[in-house]
């Protein structure tokens with residue numbers, strides 16, 4: 001469920017303390033895709049990493065190399081900033097998985113993703129430990 005707003009995105013991405021960065025793909029001035037990412041740190045590697053939160057290309061512009069170019073730009077930034085890796089999550093049913101695998105990306109099946117939101121998150125913040 002998407003609950004964000006344009007104002008919230010503008011503040012989070014372009015405000016005083018941006019939480020993420022965006023690379024836009026444009027054709028003739030029209031936005032046709034984007035990669036939204038942020039940096040994290042790997043204690044395993046002892047290096048920063050680049051995490052792609054969203055990679056999107058409008059359906060009518062897919063299969064034109066735009067997604068690959070967006071990923072290439074992310075990889076270039078990761079290299080410039082001494083990142084040891086790039087990671088992203090993909091839903092199991094997403095047909096783009098084949099595209100990622102063709103680029104050399106590997107699925108990390110041994111990891112499980114956990115998330116705290118809503119009431120469980122609130123409950124944890126209020127616990128006396």
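Residue numbers (this note's numbering): 1 to 129. We put the CB at the ideal spot given by N, CA and C, even for glycine.
Are the Cβ atoms of residue 51 and residue 33 separated by less than 7 Å? As a first step, residue 51 must be located in the chain shown, where it is residue number 51. As a first step, residue 33 must be located in the chain shown, where it is residue number 33. No, the Cβ-Cβ distance between residue 51 and residue 33 is not below 7 Å.
Beta-carbon contacts of residue 73 that lie in its chain and below 6 Å, excluding the five residues immediately before and after: For the purposes of this step, residue 73 is taken as residue 73 along the chain shown, with counting starting at 1. Closer than 6 Å at the Cβ level, and outside the excluded window around residue 73, lie 23.
Status (buried if at least 16 other CB within 10 Å, exposed otherwise) for residue 70: Residue mapping note: residue 70 aligns to position 70 of the chain shown, counting from 1. Counting Cβ neighbours within 10 Å, residue 70 comes out buried, since at least 16 surround it.
Residues near residue 45 by beta carbon distance below 8 Å, same chain, minus five either side: Here the question's residue 45 lines up with position 45 in the chain shown. The answer, listed in chain order, is 84, 85.
Can you give me the Cβ contacts of residue 145 inside the same chain, cut-off strictly under 8 Å, excluding the 5 residues immediately before and after it? Residue coverage of the chain in this structure runs from 1 to 129, which leaves residue 145 outside it and unanswerable.
Residue 35: buried (16+ other C-beta within 10 angstroms of its C-beta) or exposed? Numbered from 1 along the chain shown, position 35 holds the residue referred to as residue 35. Buried is the call here.
Taking the alpha carbon of residue 115 as the point to measure from, which residue in 108, 109, 107, 124 has its own alpha carbon closest? By one-based count along the chain shown, residue 115 stands at place 115. Measuring from the Cα of residue 115, the nearest candidate turns out to be 124.
Is the beta carbon of residue 66 less than 7 Å from the beta carbon of residue 107? By one-based count along the chain shown, residue 66 stands at place 66. By one-based count along the chain shown, residue 107 stands at place 107. Not closer than 7 Å, so no.
The beta strand (DSSP E) enclosing residue 66, as first and last residue numbers: Taking the chain shown and counting its residues from 1, the one referred to as residue 66 is at position 66. First-last for residue 66: 66 to 80, but that is the alpha helix (DSSP H), not the beta strand (DSSP E).
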